[in-house]
Amino acid sequence: MKDSGNEIVLMKGNEAIAHAAIRCGCDGYFGYPITPQSEILETLAVQKPWETTGMVVLQAESEVASINMIYGGGAAGKRVMTSSSSPGVALMQEGITYMAGAEIPGLIVNVQRGGPGLGTIQPSQGDYFQATRGGGNGDYNVIVLAPSSVQEMADFVDLAFELAFKYRTPAMILSDGVVGQVMEKVVLPPFKPRRTEEEVLRECPWATTGHTPDRPVNIITSLELRPEAMEKHNLHLQEKYSIIRANEVRYEELQTEDAEYLIVAFGSAARIAQKAISDLRKEGIKVGLLRPITLWPFPTDRIIELCSQVKGILTFEINAGQMVEDVRLAVNGRIPVTHYGKMGGIVPTPNELIDVLKKDFKI
Amino acid sequence: MTEEIIISGFGGQGVLSMGKILAYSALMENKEVSWMPAYGPEQRGGTANVTVIISDERISSPIVSSYDTAIILNQPSLEKFQNSVKPGGRLIYDAYGISEPPKRTDIDIYEINAMDAAAEMGNPKGFNMIVLGALLKVVPIVDIDDVLKALRKTLPERHHHLIPANEEALRKGMEIISKQ
């Protein structure tokens, strides 16, 4: 396969995900087409990585099958992934909670579209709750990365796999129809070979690799009928989540140094907010941006710090107001927090955001 | 310099491809670029539009509220985007699909009969390249040589023999565009 090195290429966010998967040593992709993310599977089909890196690419019969295929692949210590859009990811929730319970790493990409239900095919950020609250049954979280550019779509694939294996937990890239469909400049990551069988055995001693004579049997399950044992397992999971919270919070700040007002936005909404902020600054209104990159774990501590600096926070999301709950939990009444967003596949423009910020804070 | 462009017309007119070639041309000049389609279930005959932003600086939002230039290829697009052109901006329209011409007086309006020209040239598929040529004449954001370079880079080799016809269409567009 041709290595474009540091060459700058122009491609869609969805295409970048596919190329990055091949380049970061992904062992397998299992997915079912759905707009607005079908280019991921299409690009993989065109690239034919099974002929070069040996990566498996399979169109499954459904989203339920896809997620269970990555449950199986992950259980064998393989770097495997699936992708879908909102209604498809809803179907996957059972598999995701099983993976979280059984501590199986894997990558789920959600290129969100408007809901609820089958909804629309246009962009949305309406799955924030589903992604950050676990989405399935039981007490668990998945690590959620929110790319806001095509470059981050490419970069977060490897990062998500690294985190998933480090903590033995599913990781999610929560994107949306804007970042999936937009074409931008991107530098693809360098090629990294797939892990060898020996590396998998060494790095994943918990995996069901079929080599049992020299070790106890590895059992992958999320079922435990003894409540005492299940409680112990839950406490272990919660301890793991608190380590993730302490170590893996990622965010980006823009012009917060002198900010009097703060916009909190993620993914494509953060891009729209950047344009609004640069226009507001031309009018002398000092606004900054906090962009959570990990939606779980959430940058709660940084928001608490910024409360002593800014007069108010506007949370901007392409939904009815979901992340605003996490912002309000962090702020805890210290300063006013408002929300602006649209639903159903309508993407707000920078000018709307400018008007709302001025109105909300009476500027 | 930042140029925010909307190209809008019927599906099948080559709206998205035109935007893509423009975006690739800007890439050839090492500019920052973003190409955002209004993707949908539309097929031939439906409406299609794409926002292309070309800039010397990092592009913040791929979605904007108003445009420096609008390229309008049918009546529904004119109705939708006429008022989104920034004061002092430009609107280029193909007269073929327009029953009520644009009325704004605070923008520069250009007309191009690209559909007729493409038919006369015996190259109906060259329609979008004629329109792109017209754009380059009015807003020289990219050089025609970079457009040709972009075509060589993006077209599969088996289609490279079509590049001269595309160049001819681009130059035709530059020639026939007129200001109202």
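Order-wise, the sequence lines are chains A and B.
Residue numbers for the first sequence follow the working numbering, so the first one is 1 and each next one is one higher.
Residue numbers for the second sequence follow the working numbering, so the first one is 1001 and each next one is one higher.
The beta-carbon is built from N, C-alpha and C at its ideal position, and this holds for glycine as well.
Quick one: which chain A residues come within Cβ less than 8 Å of residue i?
i       : result
B/G1089 : Chain A residues near B/G1089: none, gap ~15 Å exceeds 8 Å.
B/V1064 : K275, T349 and P350
B/E1032 : K185
B/M1028 : Per Cβ cutoff of 8 Å: no residues; B/M1028 is ~10 Å from chain A at best.
B/G1011 : Per Cβ cutoff of 8 Å: no residues; B/G1011 is ~15 Å from chain A at best.
Tell me the residue span of the alpha helix (DSSP H) that contains residue i.
i       : result
A/L91   : S86 to L91
B/E1100 : No alpha helix (DSSP H) holds B/E1100; DSSP gives it neither H nor E.
A/V331  : M323 to V331
B/A1118 : A1114 to E1120
B/S1077 : Q1075 to F1081
B/L1148 : I1144 to T1154
A/N247  : P227 to N247
B/I1021 : V1015 to M1028
Can the beta-carbon of residue i be found less than 8 Å from the beta-carbon of residue j?
i       : j       : result
A/G73   : A/A207  : no
B/D1056 : B/E1032 : yes
A/A273  : A/A154  : no
A/R113  : A/G333  : no
A/I244  : A/I143  : yes
A/S85   : A/T43   : no
A/A246  : A/T169  : no
A/Q181  : A/G284  : no
B/E1003 : B/I1141 : yes
A/Y261  : A/K185  : no
A/V56   : A/A45   : no
A/V327  : A/P297  : no
A/I263  : A/L314  : yes
Using a C-beta to C-beta distance shorter than 8 Å, which residues of chain B count as neighbours of residue i?
i      : result
A/V178 : M1036, P1062 and I1063
A/R271 : S1060, S1061, P1062 and I1063
A/P36  : Y1039
Could you tell me which chain B residues have their CB closer than 7 Å to the CB of residue i, listed as they occur along the chain?
i     : result
A/I96 : Residues of chain B passing the Cβ test: none, with the nearest at roughly 27 Å.
At 7 Å on the CB atoms, spell out the chain A contacts of residue i, in chain order.
i       : result
B/Y1067 : Correct list: empty, because the minimum Cβ distance to chain A is about 11 Å.
B/G1046 : Within 7 Å Cβ-Cβ: nothing; B/G1046 doesn't reach chain A, min ~13 Å.
B/A1023 : L10 and M183
For the beta strand (DSSP E) that residue i lies in, which residues bound it at each end?
i       : result
B/V1138 : Here B/V1138 belongs to no beta strand (DSSP E); instead the alpha helix (DSSP H) covers F1127 to V1138.
A/Y251  : Y251 to L254
A/R281  : Per DSSP, A/R281 belongs to no beta strand (DSSP E); it is in the alpha helix (DSSP H), G267 to K282.
B/P1037 : E1032 to P1037
B/I1054 : T1047 to S1055
A/K12   : I8 to K12
A/M183  : M183 to V187
Closest by CA to residue i, which one among the options?
i       : options                               : result
B/M1115 : B/Q1013, B/L1151 and B/S1099          : B/Q1013
B/A1117 : B/A1134, B/D1108 and B/I1109          : B/A1134
A/Q367  : A/Y241, A/A259, A/E7 and A/Q322       : The shown model of chain A, from 1 to 363, leaves out residue 367 of chain A, and the question about it has no answer.
A/V324  : A/F266, A/V347, A/L280 and A/G177     : A/F266
B/G1046 : B/T1154, B/I1063, B/I1177 and B/N1074 : B/N1074
A/G54   : A/A60, A/I67, A/D27 and A/A75         : A/D27
A/M92   : A/D176, A/E61 and A/Q122              : A/E61
A/P105  : A/G115, A/L118, A/M81 and A/Q122      : A/M81
Show which residues of chain A have a CB atom less than 9 Å away from the CB atom of residue i.
i       : result
B/A1070 : Residues of chain A passing the Cβ test: none, with the nearest at roughly 15 Å.
B/G1014 : Those within 9 Å of B/G1014 in chain A number zero; the least Cβ separation is about 16 Å.
What residues from chain B crowd round residue i, counting only those whose CB sits closer than 9 Å?
i      : result
A/S83  : Here the premise fails: no neighbours, minimum Cβ distance about 17 Å.
A/S278 : S1060
Practice task
Report yes or no: do the region 1022-1032 of chain B and the region 1092-1108 of chain B share at least 3 C-beta pairs separated by less than 8 Å?
Solution key: no
Handout entry: Inter-stretch contact at 8 Å, needing at least 3 Cβ pairs: the region 1050-1068 of chain B / the region 1033-1042 of chain B
Key = yes
Problem - Cβ contact check for the region 274-292 of chain A and the region 336-344 of chain A: 3 or more pairs under 8 Å - result: no
Practice task
Please determine if the region 347-363 of chain A and the region 1121-1128 of chain B are in contact, where contact requires at least 3 C-beta pairs separated by less than 8 Å.
Solution key: no
Handout entry: Touch test, the region 113-128 of chain A against the region 314-324 of chain A, Cβ-Cβ under 8 Å, three pairs minimum
Key = yes
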